[in-house]
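Notes follow the structure.
Residue numbers (the working numbering): 1083 to 1206.
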């Protein structure tokens, strides 16, 4: 089964610069172990897995080469960029994640992400 995979350099307009992320476009999530293996094989700091919902929004999960994580800004923006490459035209885009719903809007020169702020925790 071929899986559409994209390498995106976020936060830059230049090749081999910025913050790289992998993006896999799926019709349904694969087994966690399979997504983990894909992330490990590609060795980006984060690989995003995007699945469309019937309402036009998307489910989004992120994996590092070692573990699944619950929030990643650059891979979310990379996912929005891939949707543009695939001719997605409905904006804003809503991604349903383990951290809640993240909204990405198109801007004149890129994308804007409504990114949640986490309350600070005291360190010892």
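Ideal Cβ placement from N, Cα and C applies to all residues, glycine included.
- Taking the Cβ atoms as the reference, residue 1153 lies roughly 22 Å from residue 1115, outside the contact range of under 8 Å.
- Between residue 1193 and residue 1155, the beta carbon gap of about 11 Å keeps them out of contact (Cβ cut-off 8 Å).
- Looking at the DSSP output, residue 1151 shares a beta bridge with 1144.
- Every unbroken stretch of the alpha helix (DSSP H) spanning 4 or more residues and falling wholly within the stretch 1101-1133 is given here in chain order: 1114-1124.
- Apart from the 5 residues on each side of it in sequence, residue 1138 sits with its Cβ closer than 7 Å to the Cβ of 1172 in its chain, given in chain order.
- For residue 1091, the enclosing beta strand (DSSP E) covers residues 1087-1092.
- Taking all protein chains shown into account, residue 1202 has fewer than 16 neighbouring C-beta atoms within 10 Å of its C-beta and is therefore exposed.
- In this structure, the CA atom of residue 1098 is about 20 Å from the CA atom of residue 1166.
- With a threshold of 16 other beta carbon atoms within 10 Å, residue 1109 falls short and is exposed.
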